[in-house]
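For the protein sequence lines, the chains are D and X, in the order given.
Residue 38 in full-length UniProt numbering sits at position 38 of the first sequence, with consecutive numbering throughout.
Residue 76 in full-length UniProt numbering sits at position 76 of the second sequence, with consecutive numbering throughout.
In this text, a Cβ means the ideal position worked out from N, Cα and C, and glycines have one as well.
These notes are about the structure you will find just below.
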Amino acid sequence: MGFSINAGLLDAMVLSIVQNNDTYGYEITQYLRKAVDISESTLYPVLRRLQKGELLETYDKEFMGRNRRYYRITPQGNDSLEEYREEWRSHKKKIDSILLNEGAESNEQT
Amino acid sequence: MNKLEFLTRLRNSLERGGMPVEDINDALTYYEEVFMDAGFGKEEETAASMGAPEDVAVNILRESGITPPPPPVPQNIAQAPQPQQKKKPSGGAIAASIIIGVLTFPIWLPVLIVAVVMLFVIIVVLFSLIFAFIAAGIGLIVGGIAALFEAPSVALMALGAGLIITGLVILLCKPVFGAAIPACGRGIKKLFTWVGGLFKKGGKENV
Numbered sequence: 001m002g003f004s005i006n007a008g009l010l011d012a013m014v015l016s017i018v019q020n021n022d023t024y025g026y027e028i029t030q031y032l033r034k035a036v037d038i039s040e041s042t043l044y045p046v047l048r049r050l051q052k053g054e055l056l057e058t059y060d061k062e063f064m065g066r067n068r069r070y071y072r073i074t075p076q077g078n079d080s081l082e083e084y085r086e087e088w089r090s091h092k093k094k095i096d097s098i099l100l101n102e103g104a105e106s107n108e109q110t
Numbered sequence: 001m002n003k004l005e006f007l008t009r010l011r012n013s014l015e016r017g018g019m020p021v022e023d024i025n026d027a028l029t030y031y032e033e034v035f036m037d038a039g040f041g042k043e044e045e046t047a048a049s050m051g052a053p054e055d056v057a058v059n060i061l062r063e064s065g066i067t068p069p070p071p072p073v074p075q076n077i078a079q080a081p082q083p084q085q086k087k088k089p090s091g092g093a094i095a096a097s098i099i100i101g102v103l104t105f106p107i108w109l110p111v112l113i114v115a116v117v118m119l120f121v122i123i124v125v126l127f128s129l130i131f132a133f134i135a136a137g138i139g140l141i142v143g144g145i146a147a148l149f150e151a152p153s154v155a156l157m158a159l160g161a162g163l164i165i166t167g168l169v170i171l172l173c174k175p176v177f178g179a180a181i182p183a184c185g186r187g188i189k190k191l192f193t194w195v196g197g198l199f200k201k202g203g204k205e206n207v
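In structure tokens, the structure reads:
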């Protein structure tokens, strides 16, 4: 079984991957596969959305006689990623407090 | 399903959804790249991992704020070419795609014809080579036997050469008739199928 990944989380993860390195679609999917069961076709709408929101921009680079589309994070993308990270930290803490009984003092509600 | 079929079906579905041409091209560039990055030998596998192109299209359309149209009647790509394109397009995008198709006609038709002819030529050359080898082999053997008593040394050389050629023919027959010629045949058929698919698309949208 697995936990479902929502669109926001997927956006955030893609932004983070691209922030590390400019990269291309296929490689992004390969990275994401380490954590999520996702196919190349799931990624395209995500990339499109991020591009339209001007969080990512693209450029073409030659690779073995053809063009490969690379994605680069924009300043807005960096800001947005920081927000996502902050949100994730607090979200993760809340979930952990219930699921892993962490910080049990703070939620003694019987 | 191979790459070509996947991309063709994806394009058809996106066009049916009324997506702007440049967005369709953007999506197709992406998916074509995925196929190339996954590797040449993995087309079937890659297509399978992405699911039906019609479903892929629905997700793309939804993301661009288009309500996907109901699924169309399944179409059989492997149909005979329909070289008649009806006029009277019913929308801007369709009109544009037809105009582009017609305008580029002088470019892709000769290319297609050349490709088909080349494949056909390869078949003919292979056949004639085999035939020539058989004839040469038989000729040399028969000639060798005939001249055996008049000029034994020449005759033996001719016989030997004839046997070598016959042996080569026997060795070559299987790969040539079993693999090379059918491969060319399949190539020709694929080209026709592909063109058939293009026309099918055009024809369908004009109904």
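My assumption, with CB atoms under 8 Å, is that residue i sits in contact with residue j. Please give the rounded CB distance.
{"i": "X/Ala158", "j": "X/Gly144", "result": "4 Å"}
{"i": "D/Tyr70", "j": "D/Thr23", "result": "7 Å"}
{"i": "D/Ser16", "j": "D/Leu100", "result": "Not a contact, Cβ separation roughly 23 Å."}
{"i": "X/Ile8", "j": "X/Gly197", "result": "Reading the sequence as shown, one finds Thr at residue 8 of chain X and not Ile. That pair is a contact at about 5 Å."}
{"i": "X/Glu43", "j": "X/Asn12", "result": "So it is not a contact: roughly 18 Å between Cβ atoms."}
{"i": "X/Leu119", "j": "X/Gly162", "result": "The Cβ separation is near 32 Å, so there is no contact."}
{"i": "D/Tyr26", "j": "X/Glu33", "result": "7 Å"}
{"i": "D/Ile73", "j": "D/Gln19", "result": "5 Å"}
Please decide whether residue i counts as near chain D, where near means a Cβ-Cβ distance under 8 Å.
{"i": "X/Ala27", "result": "yes"}
{"i": "X/Ile60", "result": "yes"}
{"i": "X/Val21", "result": "no"}
{"i": "X/Gly197", "result": "no"}
{"i": "X/Met36", "result": "yes"}
{"i": "X/Pro89", "result": "With a pLDDT of 48 at X/Pro89, under the threshold of 50, the modelled position of that residue is not reliable, and the figure given next carries that caveat. Not closer than 8 Å to any Cβ of chain D, the Cβ of X/Pro89 fails to qualify, so no."}
Sort the options by Cα distance to residue i and report the nearest one.
{"i": "X/Thr166", "options": "X/Phe35, X/Ile107 and X/Ile130", "result": "X/Ile130"}
{"i": "D/Ser4", "options": "D/Ile38, D/Thr29 and D/His91", "result": "D/Ile38"}
{"i": "D/Lys34", "options": "D/Gly53, D/Met13, D/Tyr44 and D/Arg48", "result": "D/Met13"}
{"i": "D/Tyr44", "options": "X/Val111, X/Leu171, X/Phe127 and X/Leu28", "result": "X/Leu28"}
{"i": "D/Arg49", "options": "D/Lys93, D/Leu10, D/Lys94 and D/Glu102", "result": "D/Leu10"}
Going by DSSP, what residues sit across from residue i in a beta bridge?
{"i": "D/Tyr57", "result": "Going by the sequence as given, residue 57 of chain D is Glu instead of Tyr. D/Glu57 pairs with D/Arg72."}
{"i": "D/Thr23", "result": "D/Tyr71"}
{"i": "D/Glu62", "result": "D/Asn67"}
Any beta carbon from chain X within less than 8 Å of residue i's own beta carbon?
{"i": "D/Gly77", "result": "no"}
{"i": "D/Tyr70", "result": "no"}
{"i": "D/Arg33", "result": "no"}
{"i": "D/Gly65", "result": "no"}
{"i": "D/Gly8", "result": "no"}
{"i": "D/Tyr84", "result": "no"}
Handout entry: Interfacial residues, the region 37-59 of chain D to chain X, with Cβ spacing under 7 Å
Key = Ser39, Glu40, Ser41, Tyr44, Pro45, Arg48 and Arg49: these are the residues of the region 37-59 of chain D whose beta carbon lies less than 7 Å from some beta carbon of chain X, given in chain order.
Handout entry: Residues from the region 41-55 of chain X in contact with chain D, defined by Cβ distance under 7 Å
Key = Ser49, Met50 and Gly51
Exercise for the section: Could you list the residues in the region 146-162 of chain X with a C-beta less than 9 Å from some C-beta on chain D, going in chain order? Expected result: none
Handout entry: Interface residues of the region 3-14 of chain X facing chain D [CB-CB below 7 Å]
Key = Result list empty, no residue passes.
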